[in-house]
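Residue numbers (my numbering): 166 to 799. All C-beta atoms in this analysis are idealised placements derived from N, C-alpha and C, irrespective of residue type, glycine included. Remarks on the structure that follows.
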């Protein structure tokens, strides 16, 4: 049977012209300089060295090294022999080392995140952290075993379909010999069994039905020879149907199921992308708290564990590769290899419904003919490997609605920031009307929209570009009302659930950051807009007083905004009730400002509170100081 030995501890890390230091992985060398602005974070080749003794194994057993994520390119050298190389920083790859392993071993990884024209991503609004930032394992398997060498895939492919009230499932195992038996489990209960490739029936199958009922089954494949069990792999999967429709939007298990959710970047403050399961789990709980039912995992393959969490909690997933911003003809093969790795590695996840081909690829309008050809290659590749799922791409805001790139994939979504980068929130309506006029038969979604919001910046009269928490709230309130009127949008994905590092940026008074998140980079502060989304999407009862960080205010009028998913809200100021209002999601009250205003809001037994102080002049701490407002594109 296969054995996994974790190799995360005790590496020696060397950066050119620096002394070697002891580190454990996950690790990145850009966790600080990749988040401080200036677009000057160090990119180049560093080495990781680890010494280890040969593991105990049988005479015929094979040994593999498994890397879950190394950014961006690397060479793997064991005892002076190069055993593997890999281009692409977000996917699993493995190397067999059976012939090279000795009693005592020296393993060296040359890890490179240098600028290149051959590996994506190179131009994008996020930091490309270098390092071994996910787990490293030794995998020991029998001579006959499930495949470990094919694009980092798990060695098992599960195809599940719904037939009436039943489910059918075909489990294909890939091995280098022996016979493969298959077992299907509902929890601990065996519900079907057969052989690899056979179509098995699960009677009265429970559906994977989004966040309400994300029912999962487990497929177990066992490799036998002469009655002896040699190797075993398993995968969770789900029975579900889905479709996209011009008029009905996304359809899950036969009913309209508008996808309303967020995009997610994986990095953290002072940690970069070298995160652990604890951070993945915290992110999942925060996304679920908004009430979202979908997540776009941008702009690269995320950790296997996060896809597992999406399966478990019922979030519908848009998965994509980092073919982004600028088409690079020399990297065409890299888009193909990264797409193959994404699909083969994540094929079994019930949560994934579509493969994202590219993001904002028309931004620089170069090599158009080659770019269109590559999109067709990728689109066909997705359908060839996985005929069940649909393809999608995210179009650049300034890409015209009739651009040919938007017509290649099965569905399309747009990254529109109308009302933020350009004035006029109403332009969202105009743009959509014009798109439908030109492309009435295309399924439409919005893959990015958002506005910067700093929890330390505030204004009584917020306006576009001031980066205040209040303007971000106004922007998102408009967009949520807009989406309510258009349930035919197959999906909307807010940019972004969390603030994230983009070292080329200098906006909002904090260089190196994109502040469009509903939650701050350290996951400590939920901005007022977070509670706006919770009011629209979540069924968990709550009431929230907005503006609690906006303590010092000018003027004689006190405007109070409350978010709640309850039908009735009461506000008290200095113990005196302003009355009760019935409504939906956002409640607004106005009263005369006093010198000190102790505010309490109530929705049944739920309460929240804050204090507002009347001042003569605007508090300068709330006003954005002049910066060069550098955007990453410039």
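query	result
For residue 329 and residue 478, I'd like the C-alpha separation in whole angstroms.	25 angstroms
Which of helix, strand or coil does DSSP assign to residue 282?	coil
By Cβ distance below 6 angstroms, which residues in the same chain neighbour residue 286 in space, the five residues on each side in sequence not counted?	487 and 489
For residue 483, which three-state DSSP category applies?	strand
Cα separation between residue 519 and residue 608?	13 angstroms
For a test of the three-state rule: what should DSSP assign to residue 551, helix, strand or coil?	coil
Along the beta strand (DSSP E) that carries residue 500, what are the first and last residues, could you check?	Where residue 500 is concerned, there is no enclosing beta strand (DSSP E), although the alpha helix (DSSP H) it sits in stretches over 497–511.
So who's on the other strand from residue 537, going by DSSP bridges?	None, per the DSSP bridge assignment.
Just checking my contact of residue 437 with residue 586 at CB under 8 angstroms: how many whole Å lie between their CB atoms?	Going by Cβ atoms, the distance from residue 437 to residue 586 rounds to 27 angstroms, so no, they are not a contact pair.
Should residue 450 be labelled buried (16 or more other beta-carbon atoms within 10 Å of its own) or exposed?	exposed
So, at 8 angstroms on beta carbons, what are the nonlocal neighbours of residue 772 in its own chain, with the 5 sequence-adjacent residues on each side left out?	708, 765 and 766
Measuring CB to CB, does residue 370 end up less than 8 angstroms from residue 331?	yes
For residue 485, count neighbouring C-beta atoms within 10 Å of its own C-beta (all shown protein chains included) and say buried if the count is 16 or more, exposed if not.	buried
Should residue 181 go down as buried or exposed, given a rule of 16 or more other Cβ atoms within 10 Å for buried?	exposed
Out of 292, 657, 630 and 515, state which residue places its alpha-carbon closest to the alpha-carbon of residue 669.	292
For residue 275, write down the residues that DSSP places opposite it in a beta bridge.	212 and 240
Anyone know if the C-beta pair for residue 283 and residue 499 falls short of 8 angstroms?	yes
Using 8 angstroms as the threshold, is the stretch 581–595 in touch with the stretch 739–751, meaning 3 or more CB pairs across them?	no
Taking a contact to mean a Cβ-Cβ separation below 8 angstroms, would you say residue 356 touches residue 347 in this structure?	no
For residue 503 and residue 256, I'd like the C-alpha separation in whole angstroms.	8 angstroms
DSSP state of residue 438, grouped into three classes?	coil
Could you check if residue 169 is buried or exposed, using at least 16 other CB atoms within 10 Å of its CB as the buried criterion?	exposed
Once the 5 residues before and after residue 524 are set aside, which same chain residues still bring their CB inside 6 angstroms of it?	464, 489 and 559
Do you know whose CA, among 511, 701, 547 and 483, lies nearest residue 320's CA?	511
In whole angstroms, what is the alpha-carbon distance linking residue 217 and residue 246?	16 angstroms
Compare the Cα-Cα distances from residue 787 to each of 623, 230, 637 and 339 and report the closest residue.	623
Kindly provide the ranges of any beta strand (DSSP E) runs that are 3 or more residues long and lie completely inside the stretch 346–420, ordered along the chain.	354–360, 364–367, 382–390, 393–402, 407–410 and 414–417
Between the C-alpha atoms of residue 641 and residue 630, what's the straight-line distance to the nearest angstrom?	14 angstroms
In chain order, what residues of the same chain lie with their CB nearer than 6 angstroms to the CB of residue 645, ignoring the 5 residues before and after it?	701
Decide if the stretch 410–430 is in contact with the stretch 357–376; the criterion is three or more beta carbon pairs, one per stretch, under 8 angstroms apart.	yes
Residue 169 bridges to which residues according to DSSP?	304
Among 345, 685 and 205, which residue has its Cα nearest to the Cα of residue 395?	345
By Cβ distance below 6 angstroms, which residues in the same chain neighbour residue 213 in space, the five residues on each side in sequence not counted?	176, 178, 274 and 297
Tell me whether the stretch 663–683 and the stretch 610–621 touch, counting them as touching only if at least three CB pairs, one residue from each stretch, are closer than 8 angstroms.	yes
If you follow the alpha helix (DSSP H) that residue 592 is in, where does it begin and where does it stop?	592–603
Which two residues bound the contiguous beta strand (DSSP E) that contains residue 519?	517–524
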